[in-house]
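Here our numbering is used: the first residue of the sequence shown is 13, the next is one more, and so on. What follows is one structure encoded as structure tokens, with my remarks underneath.
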Amino acid sequence: MAEVLIRYFAAAAEAAGVEEESLAAVPTVGELRATLIERYGDAMRRVLASGSFLVDGVVSRDDGRAVGARVDVLPPFAGG
Numbered sequence: 013m014a015e016v017l018i019r020y021f022a023a024a025a026e027a028a029g030v031e032e033e034s035l036a037a038v039p040t041v042g043e044l045r046a047t048l049i050e051r052y053g054d055a056m057r058r059v060l061a062s063g064s065f066l067v068d069g070v071v072s073r074d075d076g077r078a079v080g081a082r083v084d085v086l087p088p089f090a091g092g
């Protein structure tokens with residue numbers, strides 16, 4: 013896979029400055045996390061500190077999880 017579609021929601025979209033983009037594929041959530049922090053800095057670091065990733069429809073905070081064709085970056089949500 014050459015690219016992965018990244019979709020950003022709420023605070024994650026604010027940190028990235030876009031709602032979605034295609035990036036060069038990375039093998040794991042941990043590598044994607046590092047890429048996004050490098051690309052978008054402290055604002056994204058704060059979002060990812062308590063947010064999560066939705067990888068092909070499955071919520072994950074596991075840095076070892078394989079990245080699929082689409083990843084949604086989800087900020088922490090209030091409520092229960």
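Just so you know, even glycine gets a beta-carbon here, dropped at the ideal spot from N, CA and C. Here the structure is a predicted model, which is why all the values come from computation and not from measurement.
Checklist entry - Where does Glu-50 sit, in a helix, a strand or coil, going by DSSP? => result As a position in the sequence shown, residue 50 is number 38, starting the count at 1. In the structure shown, Glu-50 sits in a helix (DSSP, three-state: H, G or I).
Item to check | Supposed close pair Gly-63, Pro-88 - CB separation, criterion 8 Å | outcome: Against the sequence shown, residue 63 aligns to sequence position 51. Against the sequence shown, residue 88 aligns to sequence position 76. The Cβ separation is near 5 Å, so the contact holds.
Checklist entry - Does the segment 35 to 50 come close enough to the segment 71 to 78 that 3 or more CB-CB pairs lie under 8 Å? => result Taking a contact to require three or more Cβ pairs closer than 8 Å, the segment 71 to 78 and the segment 35 to 50 qualify as touching.
Next on the checklist: Using only CA atoms, which one of Glu-26, Leu-35, Ile-49 lies nearest to Val-16?
Outcome noted: As a working note, residue 16 is residue 4 in the sequence shown. With distances taken between Cα atoms, Val-16 lies closest to Leu-35.
Item to check | Cβ neighbour criterion (16 or more within 10 Å) applied to Ala-14 | outcome: Within the sequence shown, residue 14 is the residue found at index 2, counting from 1. Burial call: exposed.
Next on the checklist: Quick check on Gly-91: does DSSP put it in helix, strand or coil?
Outcome noted: Taking the first residue of the sequence shown as position 1, residue 91 is located at position 79. Residue placement at Gly-91 cannot be trusted, given a pLDDT of 48 that sits under 50; the coordinates are not used to answer.
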